[in-house]
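Each residue of the sequence shown is one higher than the last, beginning at 536 in the working numbering. All C-beta atoms in this analysis are idealised placements derived from N, C-alpha and C, irrespective of residue type, glycine included. Note that the structure is predicted; figures quoted are calculated from it, not measured.
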Amino acid sequence: MLKIRKAKIEDIAQLNVLFKDIDQFHYNALPEVFRKPKDPVRPESYLRKLIIDVNSLLLVAEEDRKIIGLVHAFVREPSEVPIFVKKKFVFIDNIVVKDEYQRKGVGSALMKKIEDWSRKEEACFIELNVWEFNKKAKRFYRKLGYHTISIKMRKEIK
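Structure below.
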């Protein structure tokens, strides 16, 4: 049975397996942007900070005591840049679901918990970034009601 819960310090090794999966996926797609993953892909000190940070939430999806997915999000305070309307929001930094558990409701369950947490934090909206090559992720986010608000562009000038 699927269980969504806050990550714990003792989850760090399993978290790194998931982060390695997503890092390898990004490296395979854009090796000119992403580094080849090395173990551990996230230092223990970094993951400890994510787990204990009161302004962020690191959740895991667990089935039979095995971590099969994660989502990390944090609260962002309103921008001080004068052009922007000041609104507190939540930013999703990472979401990962093991390949064999995708399209089975795990990602949706993780995102639902982030939405619930965002409401408790009195955020006005949730934002995330997705790379152009990641078609599956873009379909998933659109299915959940997310829409494009900006496009980042690049030109190589070697």
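**Report entry** Rounded distance between the beta-carbons of residue 621 and residue 614, thought under 8 Å
**Finding:** For a cut-off of 8 Å, the C-beta gap from residue 614 to residue 621 is around 7 Å, short enough to register as a contact.
Report task. Quick one: measure Cβ to Cβ for residue 562 and residue 578, integer angstroms, because I've assumed they're closer than 8 Å. Result -> For residue 562 against residue 578, the beta-carbon gap comes to about 18 Å, at or over 8 Å, which does not count as contact.
Requested in this report: Quick one: grab the DSSP three-state call for residue 605.
Outcome: strand
Query raised in the report: Rounded to whole angstroms, how far is the Cβ of residue 594 from the Cβ of residue 606, which I believe are closer than 8 Å?
Result: 5 Å
Query raised in the report: Under a three-way DSSP split, which group does residue 586 fall into?
Result: Note: residue 586 maps to helix in three-state DSSP.
Query raised in the report: Going by C-alpha distance, which of 630, 684 and 663 is nearest residue 550?
Result: 630
Requested in this report: Check each candidate in 657, 656, 658 and 598 and name the one with the smallest Cα separation from residue 641.
Outcome: 598
Query raised in the report: Identify the residues that DSSP records as bridge partners of residue 664: which are they?
Result: Note: residue 664 sits in no beta bridge, so no partner.
Query raised in the report: If we count the other Cβ atoms within 10 Å of its Cβ and call it buried at 16 or more, is residue 742 buried or exposed?
Result: This structure cannot settle anything about residue 742, because the visible part of the chain is limited to 536 through 693.
Report task. Output the residue ranges of the alpha helix (DSSP H) runs that lie fully inside the segment 590-658 and measure 4 residues or longer, sorted by chain position. Result -> 641-655
Query - Beta-ladder partner(s) of residue 540, from DSSP - result: 595
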